[in-house]
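Residue numbers (the numbering used here): -15 to 229.
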C-alpha cells in the first residue's frame, strides 16, 4: 500500500532542506574563511628557456606588496582580486589567476609573455620584445635564451629586427643557429651564428622566408661539401643569390 504525502508537507520539507543546505554552506564557508593560508603554489606557463619570471621572484614580490608575505594569513584577510591585479601588472605577465583550493593552498597561475628578442640600445639599456611586440624591461638577472640585437637602431629598424626575430623563433634550424642580430651603419640586418666565425647578411626583411630557405639549403648542401669554415661572410641581400667571401 502506497503512502500519500500531503503536497503542503512535501513543499515544506523541500524548503526546509534548502534552508539547511544553505546554512551548512554558509557555515563551511565561514570556517574556511577563518583558516590560514597554508601554502602558496605558483605555476608559470612559459618555455623554460624563455622564462622571465620565477617562483622566487613572485614570492619576493608578495613579501614586498604584503608585509611578511601571505603564508599564515587568514583567508578572509587576503584580497584575491588585489593579489591577482598586482601580479598582472608585472611587465612580463600576460595573464594571471589567483584562487584558494579546499586545503587552504593559495594557487597562483601565471601566463608569461614569450620573448623573441632582447634589444640592447646605444646607451646599454636593454629590454625584451615579446611575440606581440610588447616591451618587457630586462631585470638583469633573467636568462631567457633569445637572440640579442644591437647596433644602429631607429623605431622602424627595431620593427625589422622584431620581424626577423619572429621568423627565427618559428624556424627550428634558424633558432638553433642564431646568437645575435646586428644592424650595421647601412641598415643591413646581420645574423651572428652561435658557433661559427661567420656573419650572415640578411639585408632587409623582404622575402625573409625565401632567404632562410636559401641559407638552410646552402648550409646543408653547400658548406657540408666544402667545409663550414670556408667563408666568413654569407650574403643573402640579393634575390636568388648566395654571395660568399
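The beta-carbon is built from N, C-alpha and C at its ideal position, and this holds for glycine as well.
Alpha-carbon to alpha-carbon, residue j and residue i
i: residue 228; j: residue 186; result: 13 Å
i: residue 191; j: residue 151; result: 11 Å
i: residue 111; j: residue 189; result: 22 Å
i: residue 8; j: residue 86; result: Below a pLDDT of 50, predicted positions are generally treated as unreliable, and residue 8, at 49, falls in that range; the measurement from the model is reported next regardless. Those two C-alpha atoms are separated by around 16 Å.
i: residue 219; j: residue 103; result: 23 Å
i: residue 159; j: residue 123; result: 23 Å
i: residue 114; j: residue 98; result: 5 Å
i: residue 149; j: residue 56; result: 45 Å
i: residue 107; j: residue 59; result: 46 Å
i: residue 76; j: residue 61; result: 27 Å
i: residue 68; j: residue 74; result: 10 Å
i: residue 223; j: residue 199; result: 12 Å
i: residue 213; j: residue 179; result: 11 Å
i: residue 128; j: residue 19; result: 39 Å
i: residue 109; j: residue 88; result: 42 Å
i: residue 137; j: residue 146; result: 12 Å
i: residue 94; j: residue 161; result: 30 Å
i: residue 43; j: residue 105; result: 31 Å
i: residue 27; j: residue 46; result: 15 Å
i: residue 78; j: residue 116; result: 10 Å
Simplified DSSP assignment, three categories, for residue i
i: residue 10; result: Unreliable positioning characterises residue 10 in this predicted model, as indicated by a pLDDT of 44, which lies under 50. The coordinate reading is nonetheless provided below. It is helical.
i: residue 126; result: coil
i: residue 161; result: helix
i: residue 106; result: coil
i: residue 90; result: strand
i: residue 80; result: strand
i: residue 30; result: coil
i: residue -1; result: helix
i: residue 15; result: Summary for residue 15: the model assigns pLDDT 46, below 50, so the residue's position carries little reliability; its value from the coordinates is reported in the next sentence. If DSSP states are grouped into helix, strand and coil, residue 15 belongs with the helices.
i: residue 222; result: coil
i: residue 24; result: strand
i: residue 38; result: coil
i: residue 111; result: strand
i: residue 116; result: coil
i: residue 167; result: strand
i: residue 216; result: coil
i: residue 152; result: helix
Distance between beta carbons of residue j and residue i, contact taken as under 8 Å
i: residue 131; j: residue 101; result: 5 Å
i: residue 83; j: residue 91; result: 5 Å
i: residue 216; j: residue 181; result: 7 Å
i: residue 163; j: residue 177; result: 6 Å
i: residue 96; j: residue 29; result: 6 Å
i: residue 155; j: residue 196; result: 6 Å
**OP:** Can you check the segment 171 to 213 for any beta strand (DSSP E) of at least 3 residues that lies completely inside it and give the ranges in chain order?
**Re:** 173 to 177 and 183 to 187
Original post:
How about the segment 169 to 176 and the segment 200 to 210: do they share at least three Cβ pairs that are nearer than 8 Å?
Top reply: no
Original post:
Do the segment 25 to 36 and the segment 48 to 60 make contact, defined as three or more Cβ pairs closer than 8 Å?
Top reply: no
**OP:** Could you pull out every unbroken alpha helix (DSSP H) segment of at least 4 residues lying fully inside the segment 41 to 76, listed in chain order?
**Re:** Taking only runs of at least 4 residues, the alpha helix (DSSP H) segments lying wholly in the segment 41 to 76 are 64 to 72.
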